[in-house]
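Chains as they are written, first to last, in my numbering: chain A, 3 to 333; chain B, 3 to 333. Virtual Cβ for every residue (Gly too), placed ideally from N, Cα, C. Note sheet for the following structure.
There are 2 protein chains.
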Amino acid sequence: MPTSLTDIARQLELSPSTVSKALNGYRDVSSDTRELVLRAALELGYQPSSAARDLPRGRTDRIGLFLNTALEYVVDYLSGIIPGAVRCSQACGKRLLIYTLTDNDPDQLLQVCRAGEIDGVILFSTHYDSHTIETLLEDNFPFVVMGRHIPDERVSCVVPDYYDGTRQIMDHLLGQGHRRIAFMTRPELTTANEARLQGYLDALAAADLASDGQLIVETRLEADSGVAPTRQLLVLASPPTAIVAAHDLVAVDVINTLQAAGLRVPQDVAVTGFDGLRAGFRTLPHISTVQQPLERIGERVVELVNRQLNDPAALPVQETLPVQLVLRGSA
Amino acid sequence: MPTSLTDIARQLELSPSTVSKALNGYRDVSSDTRELVLRAALELGYQPSSAARDLPRGRTDRIGLFLNTALEYVVDYLSGIIPGAVRCSQACGKRLLIYTLTDNDPDQLLQVCRAGEIDGVILFSTHYDSHTIETLLEDNFPFVVMGRHIPDERVSCVVPDYYDGTRQIMDHLLGQGHRRIAFMTRPELTTANEARLQGYLDALAAADLASDGQLIVETRLEADSGVAPTRQLLVLASPPTAIVAAHDLVAVDVINTLQAAGLRVPQDVAVTGFDGLRAGFRTLPHISTVQQPLERIGERVVELVNRQLNDPAALPVQETLPVQLVLRGSA
DNA sequence: GCAAGTAGCGAAATCGTTTTCGGATTGTCC
DNA sequence: GGACAATCCGAAAACGATTTCGCTACTTGC
């Protein structure tokens with residue numbers, strides 16, 4: 003129903019081919035007719051049908067990002083990386099699309115890819131299974147994993163330096179004189195978790211401190227996930243003077259729980275987060291955290307997908323981006 | 003490069019038409035060949051090309067939602083409505099796509115619509131201008147506005163009952179004995195703002211209280227937007243005993259600022275939010291707020307778009323959904 | 001056994017672009 | 001003036017599906 007290229011052709015008594023060439027900057031069109039065509043296109047508000055354009059080209063110039071909105075953490079993290087991802091994709095002449103996934107249907111991702119709705123896809127850490135990755139590899143479909151290291155050299159991924167970030171936190175806390183430092187892990191066994199835990203343990207060892215199993219507690223990914231573990235720590239015979247939370251959303255819970263118990267942050271207990279999400283500004287004091295280069299991650303992830311698009315033979319890249327401790331008051 | 007319908011046809015020595023009909027449940031295919039085709043399609047991981055399918059149909063079965071990620075509020079709100087919107091769109095056999103918009107280019111929305119990438123679009127309150135709406139109306143392109151009432155009977159929209167919600171808050175606070183109640187407005191002049199303010203003023207009038215201009219302060223939409231206005235209220239000669247924040251994110255700032263100043267919530271100052279976002283659980287006490295039926299809004303918005311798709315003559319609907327005060331501790 | 005109906009399949013048009021190729025008109029050069 | 005190049009345009013194939021129509025071969029009914 004919207005105006006098509008043929009409409010313009012009819013109105014100007016030209017052939018569709020000429021109109022197409024005029025619009026696409028071919029040289030074999032006189033400047034007169036080109037101007038006529040451009041004016042008519044503007045007047046009629048012409049926009050080429052994306053389906054009709056994509057079909058012969060075999061490309062869509064679209065990149066997909068799949069999102070499981072069930073998890074608050076995902077949404078917060080995503081809103082951090084999107085500006086960079088959008089900027090980069092626009093610079094590459096692509097559009098970034100967010101697909102909303104229903105929780106338990108990983109096939110949808112494959113369907114969208116195979117249907118050719120997008121040229122490449124960004125996988126966000128928490129939702130993919132190895133079958134998805136294996137299939138994408140078989141299909142030779144461009145994709146990049148974000149925020150999670152995949153131990154497979156055929157897979158490109160972009161991750162923040164979890165180990166170094168945790169070391170930075172620990173060095174700071176140890177430098178402040180803290181000796182009983184609690185550590186909150188996430189339940190899932192990912193390389194990110196392992197790297198963080200290793201950073202914690204190594205820092206303790208480097209300071210000649212023994213690790214205390216009671217100080218290592220588990221959190222969940224849902225809301226309020228920091229409350230229970232904090233209470234668990236507070237009833238210890240010898241409670242911690244500092245708490246290294248799994249990420250900023252957990253740290254928010256931790257701080258609120260501590261303050262509700264009459265403890266001052268950071269005087270009585272220091273608290274650190276991770277990621278540098280906007281949630282870190284939702285407490286007073288604001289959260290001292292390890293700032294991930296979120297926008298940069300968004301950029302790189304799109305860049306890497308784009309590279310695969312332009313050069314299918316490009317070798318996969320496993321990239322670790324530097325992070326930086328930001329002190330904002332809570333530690 | 004992925005397997006096409008023709009590939010299956012060649013392999014089985016059938017015509018493309020027969021394969022298509024077998025896959026789409028036509029009756030003029032023998033059950034034998036149908037089974038053959040289905041098996042081959044499964045084996046090859048066949049997925050019909052969306053471009054090739056959409057082109058002759060003139061439909062995409064996709065609905066777009068445009069998102070400006072610059073604003074934290076938008077992301078939080080969106081994560082609330084998405085589950086309902088996704089569920090409903092799947093029930094209608096559509097897919098919900100989120101388009102990331104760069105801040106200052108409203109034309110992108112029109113381009114996507116005119117290119118036929120989507121069948122209908124959901125406009126989220128904070129980013130659209132009247133030109134966009136006017137053009138969509140001219141194009142006869144299905145759309146629904148979410149979270150903002152548009153004073154134009156040709157436009158469908160779904161909004162929470164801002165007036166009633168504010169009345170509920172005020173009735174509760176007045177019932178608690180509060181007499182000096184501060185009100186935080188948003189800077190933009192929208193019907194939502196007006197409705198909230200009217201609810202505030204009407205409630206005061208109904209209680210025979212005069213309104214005090216000093217108690218009505220303005221917030222911004224950005225992060226930390228509640229801090230400054232709260233401080234402004236605290237230095238008043240006669241400070242408020244209750245603060246009605248513009249929405250939950252503002253209320254988070256308000257509570258933190260009050261607690262940092264040594265005031266207890268709600269004993270010294272009661273605080274209320276609006277919307278019922280997840281941020282309301284990030285303070286202690288949790289925020290007493292007016293819960294919008296977020297999932298329901300997501301559902302209705304998609305339903306209304308879908309109705310326009312199925313029946314282009316359907317009359318526009320301007321819907322106000324009921325809200326409910328939820329007491330969680332801060333008031 | 002013959003007309004009529006039915007089941008199963010393929011041919012071909014269609015959607016709106018892009019892109020290659022060839023044709024026509026003009027101009028240029030010797 | 002004739003060969004050749006340059007300029008501008010249109011014809012037509014292609015992308016991969018859907019869908020209508022027609023054809024064949026078989027069944028059914030009398």
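Enumerate in chain order the residues of its own chain whose CB-to-CB distance from V21/B is below 6 Å, with the five nearest sequence positions on each side excluded.
-> Taking the second sequence and counting its residues from 1, the one referred to as residue 21/B is at position 19. Residues L7, I10, A11 and V39 of the same chain have their beta carbon placed closer than 6 Å to that of V21/B, with the five preceding and five following residues left out of the count.
Cβ-based contacts, 7 Å cut-off: residues of the region 282-314 of chain A near chain B = F283, R284, T285 and L286
Contacts that I218/B makes with chain A (C-beta to C-beta distance below 7 Å) = Looking up residue 218/B in the second sequence gives position 216. Contact annotation for I218/B against chain A: no contact, minimum CB-CB distance about 25 Å [criterion: below 7 Å].
When you compare only the Cα positions, how much space is there between Y79/A and S81/B?
-> The count along the first sequence starts at 1 and reaches residue 79/A at position 77. The count along the second sequence starts at 1 and reaches residue 81/B at position 79. Rounded to the nearest angstrom, the two C-alpha atoms are 12 Å apart.
Just confirm the distance between the C-beta atoms of S158/A and L306/A, as a whole number of angstroms; I'd bet it's less than 8 Å.
-> Along the first sequence, one-based indexing puts residue 158/A at 156. Along the first sequence, one-based indexing puts residue 306/A at 304. Indeed, because the Cβ distance is near 5 Å, the residues count as touching under 8 Å.
Consult DSSP for C115/B and reduce its assignment to one of helix, strand or coil.
-> Mapped onto the second sequence, residue 115/B falls at position 113. Three-state DSSP puts C115/B in a helix.
Are the region 139-152 of chain A and the region 206-221 of chain A in contact at 8 Å, needing three or more beta carbon pairs?
-> no
Within its chain, find whatever has a CB closer than 8 Å to the CB of I65/B; leave out the 5 residues flanking it on each side and keep chain order.
-> Your numbering for residue 65/B matches position 63 in the second sequence. Within the same chain, I65/B has close Cβ partners S91, K96, R97, L98, L99, I120, D121, G122, V123, I124, V304, V307 and N308.
Chain-order list of residues whose beta-carbon lies under 8 Å from that of P50/A (same chain, five-residue window excluded) | Taking the first residue of the first sequence as position 1, residue 50/A is located at position 48. The answer, listed in chain order, is L7 and L25.
Considering L323/A, what are the terminal residues of the alpha helix (DSSP H) in which it resides?
-> Locating residue 323/A in the first sequence gives position 321, counting from the first residue. No alpha helix (DSSP H) holds L323/A; the beta strand (DSSP E) holding it covers Q320 to L323.
Beta-carbon contacts of V160/A that lie in its chain and below 6 Å, excluding the five residues immediately before and after = Position 158 of the first sequence, counted from the first residue, corresponds to residue 160/A. If we look at V160/A and ignore the five residues flanking it on each side, its Cβ neighbours are M148, I299, R302, V303 and E321.
For S332/A, count neighbouring Cβ atoms within 10 angstroms of its own Cβ and tell me buried if that reaches 16, exposed if not.
-> To locate residue 332/A, count along the first sequence from 1; it is residue 330. S332/A should be labelled buried.
Establish whether the CB of R116/B and some CB of chain A are separated by less than 8 Å.
-> As a first step, residue 116/B is located in the second sequence; it is residue number 114 there, counting from the start. Yes - at least one Cβ of chain A is within 8 Å of the one on R116/B.
Which listed residue (Y165/A, T192/A and A239/A) has its alpha carbon closest to that of A205/A = Counting from 1 along the first sequence, the entry for residue 205/A is found at position 203. Selected option, being the one with the closest Cα: Y165/A.
Between the CA atoms of D277/B and I135/B - distance to the nearest angstrom | For this step, residue 135/B is matched to residue 133 along the second sequence. For this step, residue 277/B is matched to residue 275 along the second sequence. Their backbone Cα atoms lie some 25 Å apart in a straight line.
How do the region 55-63 of chain B and the region 265-274 of chain B stand: do at least 3 beta-carbon pairs fall below 8 Å, yes or no?
-> no
Can you tell me whether A197/B is buried or exposed, with buried defined as 16 or more other CB within 10 angstroms of its CB?
-> Taking the first residue of the second sequence as position 1, residue 197/B is located at position 195. It is buried - the Cβ of A197/B has at least 16 other Cβ atoms within 10 Å.
Within chain A, the residues that Y101/B reaches when beta carbons sit closer than 9 Å = Counting from one through the second sequence, the residue named residue 101/B turns up at place 99. Within chain A, the residues near Y101/B are R97, L98, L99 and I100.
Taking the alpha carbon of E155/A as the point to measure from, which residue in P324/A, L323/A, P318/A and S240/A has its own alpha carbon closest?
-> As a working note, residue 155/A is residue 153 in the first sequence. Residue P318/A holds the alpha-carbon nearest to the alpha-carbon of E155/A among P324/A, L323/A, P318/A and S240/A.
Pull up the distance between the alpha-carbon of G282/B and that of I257/B, whole angstroms please.
-> The residue given as residue 282/B occupies position 280 in the second sequence. The residue given as residue 257/B occupies position 255 in the second sequence. Their Cα atoms are separated by approximately 11 Å.
Run of the beta strand (DSSP E) containing I10/B, from where it starts to where it stops | The residue you call residue 10/B lines up with position 8 of the second sequence. Run containing I10/B: none in the beta strand (DSSP E); it sits in the alpha helix (DSSP H), L7 to L14.
Identity of the residue in T137/A, P189/A, E15/A and K23/A nearest L46/B by Cα | In the second sequence, counting from the first residue as 1, residue 46/B sits at position 44. Measuring from the Cα of L46/B, the nearest candidate turns out to be T137/A.
When you compare only the Cα positions, how much space is there between D109/A and H249/B?
-> Locating residue 109/A in the first sequence gives position 107, where the first residue counts as 1. Locating residue 249/B in the second sequence gives position 247, where the first residue counts as 1. Near 38 Å, if we compare the C-alpha coordinates of H249/B and D109/A.
For Y101/A, the residue or residues it bridges with in DSSP | Within the first sequence, residue 101/A is the residue found at index 99, counting from 1. Looking at the DSSP assignment, Y101/A forms a beta bridge with F68/A and L99/B.
Please report how far the alpha carbon of D215/B lies from the alpha carbon of Y48/A, in whole angstroms.
-> Taking the second sequence and counting its residues from 1, the one referred to as residue 215/B is at position 213. Taking the first sequence and counting its residues from 1, the one referred to as residue 48/A is at position 46. A small fix is needed here, since residue 215/B is Gly in this sequence, not Asp. Cα to Cα, G215/B sits roughly 51 Å from Y48/A.
Residue from S213/A, A239/A, L199/A and L323/A with nearest C-alpha to E190/A = Taking the first sequence and counting its residues from 1, the one referred to as residue 190/A is at position 188. Checking every option, the nearest Cα to that of E190/A belongs to L199/A.
Short CB-CB distance (under 8 Å) between L46/A and chain B | Numbered from 1 along the first sequence, position 44 holds the residue referred to as residue 46/A. Not an interface residue.
Span of the beta strand (DSSP E) holding T187/A?
-> Counted from its first residue, the first sequence places residue 187/A at position 185. In the DSSP assignment, T187/A falls within the unbroken beta strand (DSSP E) covering I183 to T187.
Do V246/A and M186/A have their CB atoms nearer than 8 Å?
-> If you number the first sequence from 1, residue 246/A lands on position 244. If you number the first sequence from 1, residue 186/A lands on position 184. Yes, these two residues count as a Cβ contact at 8 Å.
Contacts of P241/A in chain B (Cβ-Cβ under 7 Å) = Here residue 241/A corresponds to residue number 239 of the first sequence, with the count starting at 1. Those within 7 Å of P241/A in chain B number zero; the least Cβ separation is about 19 Å.
Status (buried if at least 16 other CB within 10 Å, exposed otherwise) for Q293/B = The residue labelled residue 293/B in the question sits at position 291 within the second sequence. Label assigned to Q293/B: buried.
Y101/A: buried (16+ other C-beta within 10 angstroms of its C-beta) or exposed?
-> Mapped onto the first sequence, residue 101/A falls at position 99. Buried: at least 16 other Cβ atoms inside 10 Å.
Among the residues of its own chain, which have a CB less than 7 Å from the CB of L236/A, if the five just before and after it don't count?
-> Counting from one through the first sequence, the residue named residue 236/A turns up at place 234. Taken in chain order, the residues that qualify are A263.
Rounded C-alpha distance that separates A316/A from A93/A | If you number the first sequence from 1, residue 316/A lands on position 314. If you number the first sequence from 1, residue 93/A lands on position 91. The straight-line gap from Cα to Cα measures roughly 20 Å.
Around the Cβ of P242/B, are there at least 16 other Cβ atoms within 10 angstroms (buried) or fewer (exposed)?
-> Sequence index remark: in the second sequence, residue 242/B carries index 240 (1-based). Flag for P242/B reads buried.
Taking only beta-carbon atoms, is S52/A less than 8 Å away from chain B?
-> Start at 1 with the first residue of the first sequence, and residue 52/A comes out as number 50. Yes, S52/A counts as interfacial toward chain B.
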